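Participant: The structure under discussion is supplied below as structure tokens; questions concerning it will follow.
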Amino acid sequence: MALTRYLTTTKAYGSGTGAPFDDSLAIEDLAGVVLTGIVVQHGVYINSLTMHYSGSQAPVMRGGNGETRSEIVLAPGEYITTIIGIVMNRIIASLRFVTNRGSTFGPYGQAGDGPSQQGFTWDAGKNVPALLAARMGLLYFTGNACETYVCNLCATFALYGSTQNVYSNIKFEERIPTTLATGAIFLSSFGRDIVSPVITLDIGPSSVIFHAYEASLCRIPFFRAALQGEFREAAEKKVSLPEEDPEVFCALLEHLYTGSYTYTYDPSSTTVVDKAPRADLAEGCYHVLVYAVGFRYDWQPLVSDAVHNFLVVLPKLQGMDVVRLWKAAYESGLTVDVCAGEGRLEAFKKVLPGLLKGVLAGDAAEMGIAVAEFPALAIDFMKLLVAGSEE
1 MALTRYLTTT KAYGSGTGAP FDDSLAIEDL AGVVLTGIVV QHGVYINSLT MHYSGSQAPV
61 MRGGNGETRS EIVLAPGEYI TTIIGIVMNR IIASLRFVTN RGSTFGPYGQ AGDGPSQQGF
121 TWDAGKNVPA LLAARMGLLY FTGNACETYV CNLCATFALY GSTQNVYSNI KFEERIPTTL
181 ATGAIFLSSF GRDIVSPVIT LDIGPSSVIF HAYEASLCRI PFFRAALQGE FREAAEKKVS
241 LPEEDPEVFC ALLEHLYTGS YTYTYDPSST TVVDKAPRAD LAEGCYHVLV YAVGFRYDWQ
301 PLVSDAVHNF LVVLPKLQGM DVVRLWKAAY ESGLTVDVCA GEGRLEAFKK VLPGLLKGVL
361 AGDAAEMGIA VAEFPALAID FMKLLVAGSE E
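Take the sequence shown: its position 74, counting from 1, is numbered 74 in UniProt numbering, and each next residue is one higher.
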């Protein structure tokens, strides 16, 4: 069939080492296919990329196996608009993906500082007509790969949405009548949320005021009990939580509305690479606090995302910062057992022996204090060491 889809291709990064590949050659219908996900295998570098497409299109792995396997699953109507990467030693060392819905996957890989490091950003909407920019998303990669790494990469973005026979940014619900003063009408679940009463939230010792729709808040058991019972909050449409940190509580509200949350970093104390902050102890501690607020209010989607993000930051830290982050985690109830449920401790077990050896050599005193305050942390570290040695 004739290709009627608008395509744009980026500049390539990396080296010419390895065998060339072109994912477009494996796609039967370039005009109608939709990227539904990517499996990234990675360690210090990007070991392989496997693209998954709609229909019966078979996935093809480019590269080899890595110590960690991460899977990106795109929702219907969701597509990747930005890719942020790092090349180190002429190999693709790190990749991070951002979608049209604001979701971020990665960064994958563990690129560090070095004179041979080069960053790049691919933006789907760059160098295309303005009317098309918002609907451009990743379709396939070309490049070079060997049995161990992805050595060279180039992205091709395609037009998604209105000109394709696929849905874009839409979901489906059965009709449920909504009774208002003007009579019964049909609204989506989002519509029913935003016609509900607005609740005032008085947060923190300095009384930072947030506003949220009652129906949205009542998805959380605590607020459902407070606002739909016989309590004063139900009558006043106001909830005071002076013990909460407004910056952390904001993550709960943002996640409730959008399904994600934002970490705001301090540019004066954070290293920024390609317009993205490099993971550090401060970010790790923020994810710990977000985990704690999600746990307190029994909002499991936020708990799961915070644990995941904590484990993304963890292997990027060095020396005593790793122990300090674990100490902060244990103070908030985020233990090794909790993390094991996410299936993301395998990579940490492999680096733990070398990490503890370095910490004991340079920061034995602080390590001793941490162990004394949290003996459970020391026990869990020993369990991980034993488990790692038996594999």
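All C-beta atoms, glycine included, are put in the ideal place defined by N, C-alpha and C.
Here the structure is a predicted model, which is why all the values come from computation and not from measurement.
Determine whether the beta carbon atoms of V293 and A328 lie at a separation below 9 Å.
Facilitator: Result no, Cβ atoms of V293 and A328 do not sit closer than 9 Å.
Participant: Quick check: what's the CA-CA separation for P375 versus I83?
Facilitator: Those two C-alpha atoms are separated by around 42 Å.
Participant: Would you call D337 buried or exposed, if buried means 16 or more other Cβ atoms sit within 10 Å of its Cβ?
Facilitator: The residue in question, D337, is exposed, as its Cβ has fewer than 16 Cβ neighbours within 10 Å.
Participant: Take the Cβ of K316 as the centre, count every other Cβ of all protein chains shown within 10 Å, and call the residue buried at 16 or more, exposed below.
Facilitator: Its Cβ being crowded by 16 or more others within 10 Å, K316 is buried.
Participant: Would P205 be called buried (16 or more neighbouring beta carbons within 10 Å of its own) or exposed?
Facilitator: By the neighbour-count rule (16 or more Cβ atoms within 10 Å), P205 is not buried but exposed.
Participant: Return the Cβ separation of Y45 and I91 in integer angstroms, given the expectation that the two are a contact with Cβ distance under 8 Å.
Facilitator: Yes, Y45 and I91 are in contact; Cβ-Cβ is about 5 Å, under 8 Å.
Participant: Can you tell me the Cα-Cα spacing of residue 405 and D22, whole angstroms?
Facilitator: The displayed coordinates of the chain run from 1 to 391. Any statement about residue 405 would go beyond what the structure contains.
Participant: If you measure between the beta carbons of T156 and T271, is that distance less than 9 Å?
Facilitator: Result no, Cβ atoms of T156 and T271 do not sit closer than 9 Å.
Participant: Return the chain-ordered list of same chain residues with a C-beta closer than 8 Å to the C-beta of T264, the five sequence neighbours on each side being excluded.
Facilitator: Excluding residues within five positions, the ones whose Cβ falls inside 8 Å are E247.
Participant: At which residues does the alpha helix (DSSP H) containing C339 begin and terminate?
Facilitator: Run containing C339: 336-340, per the alpha helix (DSSP H) assignment.
Participant: Please name the residue, chosen from D305, V313, F223, P76, that lies closest to L241 on a Cα-to-Cα basis.
Facilitator: For L241, the nearest C-alpha among the options comes from F223.
Participant: Among the candidates Y257, H52, N100, whose CA atom is the shortest distance from the CA of F141?
Facilitator: The shortest Cα separation from F141 among Y257, H52, N100 belongs to H52.
Participant: Can you name, in chain order, every residue of its own chain whose Cβ lies under 6 Å from the Cβ of Q110, other than the five neighbours on each side?
Facilitator: Taken in chain order, the residues that qualify are V44.
Participant: Alpha carbon to alpha carbon, what distance is there between A212 and S189?
Facilitator: For S189 and A212, the distance between alpha carbons rounds to 15 Å.
Participant: Under a Cβ-count criterion, where at least 16 other Cβ atoms within 10 Å of its own Cβ denotes burial, should S48 be classed as buried or exposed?
Facilitator: Counting Cβ neighbours within 10 Å, S48 comes out buried, since at least 16 surround it.
Participant: Report the rounded CA-to-CA distance for M136 versus S216, giving the unit in angstroms.
Facilitator: Distance between the alpha carbons of M136 and S216: 31 Å.
Participant: Where does T50 fall in DSSP's three states?
Facilitator: Of the three classes helix, strand and coil, the one that applies to T50 here is strand, per DSSP.
Participant: Taking 6 Å as the limit between beta carbons, can you name the residues of its chain near Q164, skipping five residues before and five after?
Facilitator: Residue confidence is low: Q164 scores 43 on pLDDT, short of 50, so the model does not pin down where it sits. Its coordinate-derived value is still stated next. Contacts found: none.
Participant: Determine the extent of the beta strand (DSSP E) in which V239 is found, giving its start and end residues.
Facilitator: Looking at the DSSP string, the run of the beta strand (DSSP E) that includes V239 is 238-241.
Participant: Got a sec? Which residues, its chain only, sit under 6 Å from P277 by beta carbon, not counting five neighbours each side?
Facilitator: The residues are Y265, T270.
Participant: My output table needs one value for D245: the three-state DSSP class, helix, strand or coil.
Facilitator: Coil.
Participant: Regarding G55 and the ligand MN, is the C-beta to nearest heavy atom distance less than 8 Å?
Facilitator: As for the ligand MN, it is missing from this structure, which has no ligand bound.
Participant: The alpha helix (DSSP H) with R96 in it runs from where to where?
Facilitator: From DSSP, R96 is part of no alpha helix (DSSP H) but of the beta strand (DSSP E) over 91-99.
Participant: Got a sec? Which residues, its chain only, sit under 7 Å from R101 by beta carbon, not counting five neighbours each side?
Facilitator: These residues qualify, in order along the chain: E78.
Participant: Roughly how many whole angstroms lie between the Cα atoms of M382 and P353?
Facilitator: Rounded to the nearest angstrom, the two C-alpha atoms are 10 Å apart.
Participant: Helix, strand or coil: how does DSSP classify T258 here?
Facilitator: Three-state result, T258: helix.
Participant: Closer than 6 Å by C-beta to V371: which residues in its own chain qualify, once you throw out the five before and the five after it? Chain order, please.
Facilitator: Around V371: A378.
Participant: If we ignore side chains and look at the alpha-carbon of each, how far apart do L138 and R296 end up?
Facilitator: Each residue's alpha carbon lies about 38 Å from the other.
Participant: Which word fits Q41, buried or exposed, when buried means at least 16 other C-beta atoms lie within 10 angstroms of its C-beta?
Facilitator: Buried is the call here.
Participant: Measure the alpha-carbon distance for D363 versus E373 and round it to whole angstroms.
Facilitator: Spanning the two alpha carbons is a distance of roughly 16 Å.
Participant: Please classify R219: is it buried, with 16 or more other beta-carbons within 10 angstroms of its beta-carbon, or exposed?
Facilitator: Its Cβ having fewer than 16 others within 10 Å, R219 is exposed.
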